[in-house]
Ligand code: VG1
Ligand code: CO
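In our numbering, the protein residues as written are 49 to 591.
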């Protein structure tokens with residue numbers, strides 16, 4: 049087999065964002081587009097010759113073809129070995145696990161996460177480094193720079209690419225090892241959680257529903273929950289991964305996980321419900337007729353961490369993204385550990401975990417995880433909850449009610465305005481930026497603004513700086529409004545409004561969330577002119 053060097057032209061495109069490059073499938077189908085990006089990744093790396101590259105994706109439309117291409121390019125570029133999931137499948141957390149366990153040089157994950165899949169929908173690709181986490185900005189900047197100047201890429205045309213079974217074969221000098229996508233990950237989960245206690249919980253008649261949303265977590269959840277933990281068959285629904293996710297939107301929230309939400313808010317609801325996203329790194333957790341906000345979920349996991357064997361020694365610290373509620377901060381304070389506030393995106397947690405400063409991390413966007421891998425991990429969070437439920441033998445609602453009584457309740461909601469005009473959305477943000485210095489001291493009804501800024505972060509480990517990470521407006525009673533634009537959408541702009549109010553009086557812990565936050569929501573519109581700029585009367589998604 050010979051290495052082909054193919055002439056190409058640079059493509060002028062956006063910088064890969066929070067989670068790599070995400071585009072419509074049609075964009076990725078342009079000649080040389082994927083190849084240019086993959087070669088730009090390799091051109092940004094040093095010292096990978098002879099080393100191992102992990103490859104896998106969430107099974108969306110285009111996954112398998114892209115996997116073939118990347119394997120052929122890895123061989124031509126001098127990697128020694130590729131570890132690839134059967135049929136090109138690996139969830140994002142499993143890819144992180146495999147990179148770490150097999151001490152790979154890095155990995156390429158094919159996914160557009162929670163974005164829909166199919167010929168007219170989205171595709172994505174990202175590079176993860178040797179610690180198993182998303183590439184830091186230094187590398188994504190270098191990749192982008194290479195896409196602007198690339199003139200050729202290398203490839204070996206393989207006659208055959210048998211990825212449908214576990215075995216080894218060679219392409220040129222490179223070994224391709226096809227692995228079971230579930231095995232390494234399932235073994236890690238078994239080390240972290242008390243599988244015996246969870247098995248006993250299911251044996252006692254505990255009822256659970258897990259919605260895999262026709263995405264990658266299906267095989268993982270079926271193996272772990274139904275096979276290893278003895279949950280009844282049918283506990284996992286929509287468990288077969290489909291290239292178009294059954295035409296659904298594989299985003300585990302109250303709007304898109306419709307089937308699960310309907311069952312969990314019915315008279316005969318199971319005790320526990322959960323869902324995961326396209327690539328398996330997000331999670332939503334529900335009790336019987338009860339929703340757990342991701343911010344609260346992080347706080348509950350932190351407060352109960354020692355109940356799981358993998359965290360029995362206690363946790364070093366917690367970290368949350370800036371828009372995530374301060375519920376975890378209260379727990380950290382009580383435990384006497386640090387709580388770090390980082391910009392949105394999992395990559396900001398990597399250094400803190402590598403340095404041993406934090407064990408648990410979370411984002412309000414249904415992302416929770418720990419230092420067991422370097423990605424957020426949907427099924428891990430679900431198993432953590434099961435472990436806590438198995439030990440405490442209480443309902444999800446009772447656990448939350450006790451949690452709020454002890455730490456106070458952070459009422460919290462996120463409003464998304466999806467697919468709005470990008471110019472108008474940018475204008476809204478820049479007008480807010482212009483107002484920042486004049487806002488403090490202003491009153492809106494009984495609320496007085498204490499501070500307003502555009503969030504900046506200096507990484508405590510490597511000193512790298514990130515600016516303009518979102519507008520924060522804080523009120524004197526500790527309430528907070530945050531505005532930022534999404535970095536992961538592929539159509540127009542998405543404006544996100546995050547609203548939070550802290551309530552210590554447990555007599556006031558049973559209010560409906562939107563009602564509890566109504567004042568702040570209307571103040572947000574007064575300050576930013578959301579309706580005026582977006583032309584929308586209501587958000588697309590409320591969580
Ligand atoms: C969103 C979330 C963010 C998350 C990112 C990637 O980003 O808000 O918290 O890290 O998606 O998640 P944005 O820029 O659209 O708000 V995933 O599941 O795509 O890896
Ligand atoms: Co995801």
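Quick reminder that beta carbons are idealized off the backbone N, C-alpha and C, glycines included.
Could you check which residue in 365, 391, 369 has the C-alpha nearest to that of residue 402? Taking the chain shown and counting its residues from 1, the one referred to as residue 402 is at position 354. Comparing Cα positions, the closest option is 365.
Complete runs of the alpha helix (DSSP H) confined to the segment 409–494 [at least 4 residues]: The segment 409–494 contains these whole alpha helix (DSSP H) runs: 426–440, 444–455, 470–483.
Taking Cβ to Cβ, would you say residue 168 is nearer than 7 Å to residue 255? Within the chain shown, residue 168 is the residue found at index 120, counting from 1. Within the chain shown, residue 255 is the residue found at index 207, counting from 1. Judged by their CB atoms, residue 168 and residue 255 are not nearer to each other than the 7 Å cut-off.
Starting from the Cα of residue 223, find the closest Cα among 79, 131, 535, 348 and give me that residue. Numbered from 1 along the chain shown, position 175 holds the residue referred to as residue 223. It is 131 whose Cα lies nearest to the Cα of residue 223.
Ligand 1 heavy atom lying under 6 Å from the CB of residue 344: For this step, residue 344 is matched to residue 296 along the chain shown. Incorrect: residue 344 has no Cβ contact closer than 6 Å to ligand 1.
What span of residues does the alpha helix (DSSP H) with residue 269 cover, start to end? To locate residue 269, count along the chain shown from 1; it is residue 221. Its alpha helix (DSSP H) spans residues 265–269.
Nearest-angstrom Cα distance between residue 445 and residue 348? Taking the first residue of the chain shown as 1, we reach residue 445 at position 397. Taking the first residue of the chain shown as 1, we reach residue 348 at position 300. Whole-angstrom Cα-Cα distance: 12 Å.
What does the alpha-carbon distance come out to for the pair residue 529 and residue 521? Indexing the chain shown from 1 puts residue 529 at position 481. Indexing the chain shown from 1 puts residue 521 at position 473. Cα-Cα distance, rounded: 5 Å.
So residue 422 and residue 125 are supposed to be a Cβ contact under 8 Å. How far apart are they, rounded? By 1-based counting over the chain shown, the position of residue 422 is 374. By 1-based counting over the chain shown, the position of residue 125 is 77. Not really, about 24 Å apart at Cβ, beyond 8 Å.
Same chain, Cβ closer than 6 Å to residue 249, neighbours up to 5 away in sequence not counted: For the purposes of this step, residue 249 is taken as the residue at position 201 of the chain shown. Sequence-distant Cβ neighbours of residue 249 in its own chain, meaning closer than 6 Å and more than five residues away, are 438.
Okay, do the segment 233–244 and the segment 416–431 touch, 3+ Cβ pairs below 8 Å being the bar? Yes, the segment 233–244 touches the segment 416–431.
For the structure I just gave you, are there three or more beta carbon pairs, one from the segment 392–400 and one from the segment 179–195, closer than 8 Å? Yes, they touch.
Give the straight-line distance between the Cα atoms of residue 494 and residue 457, rounded to the nearest whole angstrom. On the chain shown, position 446 is the one that residue 494 refers to. On the chain shown, position 409 is the one that residue 457 refers to. Those two C-alpha atoms are separated by around 20 Å.
For the candidate residues 102, 106, 108, whose alpha-carbon lies nearest to that of residue 118? For the purposes of this step, residue 118 is taken as the residue at position 70 of the chain shown. It is 102.
Given a cut-off of 7 Å, decide if residue 115 and residue 128 are closer than it, judged by their beta-carbon atoms. By 1-based counting over the chain shown, the position of residue 128 is 80. By 1-based counting over the chain shown, the position of residue 115 is 67. For the 7 Å CB-CB criterion, residue 128 and residue 115 do not form a contact.
Can you give me the C-alpha to C-alpha distance between residue 352 and residue 145, rounded to a whole angstrom? Counting from one through the chain shown, the residue named residue 352 turns up at place 304. Counting from one through the chain shown, the residue named residue 145 turns up at place 97. So the two alpha carbons sit approximately 24 Å from each other.
Taking the CB atoms as reference points, tell me whether residue 166 and residue 109 lie closer together than 7 Å. For the purposes of this step, residue 166 is taken as the residue at position 118 of the chain shown. For the purposes of this step, residue 109 is taken as the residue at position 61 of the chain shown. Cβ distance < 7 Å, so residue 166 and residue 109 count as in contact.
Give the range of the beta strand (DSSP E) segment to which residue 99 is assigned. By 1-based counting over the chain shown, the position of residue 99 is 51. Looking at the DSSP string, residue 99 is not in any beta strand (DSSP E), and its letter there is neither H nor E.
Going by other Cβ atoms of all chains shown within 10 Å of its Cβ, with 16 needed for buried, is residue 377 buried or exposed? Start at 1 with the first residue of the chain shown, and residue 377 comes out as number 329. With at least 16 other beta carbons inside 10 angstroms of its own, residue 377 counts as buried.
For ligand 1, is there any heavy atom lying closer than 6 Å to the beta carbon of residue 248? Along the chain shown, one-based indexing puts residue 248 at 200. Incorrect: residue 248 has no Cβ contact closer than 6 Å to ligand 1.
Let me check understanding here. Comparing Cα to Cα, which of 171, 270, 210 lies closest to residue 73? Numbered from its first residue, the chain shown carries residue 73 at position 25. Taking the Cα of residue 73 as reference, the smallest distance to any Cα among 171, 270, 210 is reached at 171.
Does ligand 2 have even one heavy atom less than 6 Å from the beta-carbon of residue 330? Along the chain shown, read from residue 1 onward, the residue named residue 330 stands at position 282. The answer is yes for residue 330.
Residue 58 and residue 196 - do their beta-carbons sit closer together than 7 Å? Taking the first residue of the chain shown as 1, we reach residue 196 at position 148. Taking the first residue of the chain shown as 1, we reach residue 58 at position 10. Yes, Cβ-Cβ distance for residue 196 and residue 58 is below 7 Å.
Which two residues bound the contiguous beta strand (DSSP E) that contains residue 303? The residue you call residue 303 lines up with position 255 of the chain shown. Where residue 303 is concerned, there is no enclosing beta strand (DSSP E), given that its DSSP letter is neither H nor E.
Report the option in 474, 561, 112 whose CA atom is closest to the CA atom of residue 578. Position 530 of the chain shown, counted from the first residue, corresponds to residue 578. Cα-wise, what sits closest to residue 578 is 474.
Let's test the definition: count the other Cβ atoms within 10 Å of the Cβ of residue 517 and tell me whether it reaches 16, buried, or not, exposed. In the chain shown, counting from the first residue as 1, residue 517 sits at position 469. So residue 517 counts as buried.
For residue 259, is the classification buried or exposed, using 16 other Cβ atoms within 10 angstroms of its Cβ as the cut-off for buried? Counted from its first residue, the chain shown places residue 259 at position 211. Flag for residue 259 reads buried.
On the DSSP letters alone, give me the boundaries of the alpha helix (DSSP H) that residue 4 sits inside. No answer is possible for residue 4: the residues shown for the chain start at 49 and end at 591.
Report whether the distance from the Cβ of residue 292 to the nearest heavy atom of ligand 2 is below 6 Å. The count along the chain shown starts at 1 and reaches residue 292 at position 244. Every heavy atom of ligand 2 is 6 Å or more from the Cβ of residue 292, so no.
Contact the segment 268–280 vs the segment 145–154: 3+ CB pairs below 8 Å: Inter-segment contact for the segment 268–280 and the segment 145–154 is absent: fewer than three beta-carbon pairs are separated by less than 8 Å.
When burial is assigned at 16 or more other CB atoms within 10 Å of the CB, is residue 251 buried or exposed? Stepping through the chain shown from its first residue, residue 251 is reached at position 203. Burial call: exposed.
Quick check: residue 411 and residue 467, are their CB atoms within less than 7 Å of each other? Residue mapping note: residue 411 aligns to position 363 of the chain shown, counting from 1. Residue mapping note: residue 467 aligns to position 419 of the chain shown, counting from 1. Taking 7 Å as the cut-off, the beta carbon of residue 411 is found no closer than this to the beta carbon of residue 467.
Please list the terminal residues of the continuous beta strand (DSSP E) segment that includes residue 519. Translated into the one-based positions of the chain shown, residue 519 becomes position 471. Counting along the chain, residue 519 sits inside the beta strand (DSSP E) bounded by residues 519–523.
Verify whether the separation of the beta carbon atoms of residue 175 and residue 89 is less than 7 Å. Position 127 of the chain shown, counting from 1, holds the residue named residue 175. Position 41 of the chain shown, counting from 1, holds the residue named residue 89. Going by C-beta atoms, residue 175 is nearer than 7 Å to residue 89.
I need the straight-line Cα distance from residue 326 to residue 463, nearest angstrom please. On the chain shown, position 278 is the one that residue 326 refers to. On the chain shown, position 415 is the one that residue 463 refers to. Each residue's alpha carbon lies about 21 Å from the other.
Sequence-distant residues of its chain with Cβ nearer than 7 Å to residue 416 (five each side left out): Sequence index remark: in the chain shown, residue 416 carries index 368 (1-based). Around residue 416: 331, 342, 345, 346, 349, 410, 424, 429.
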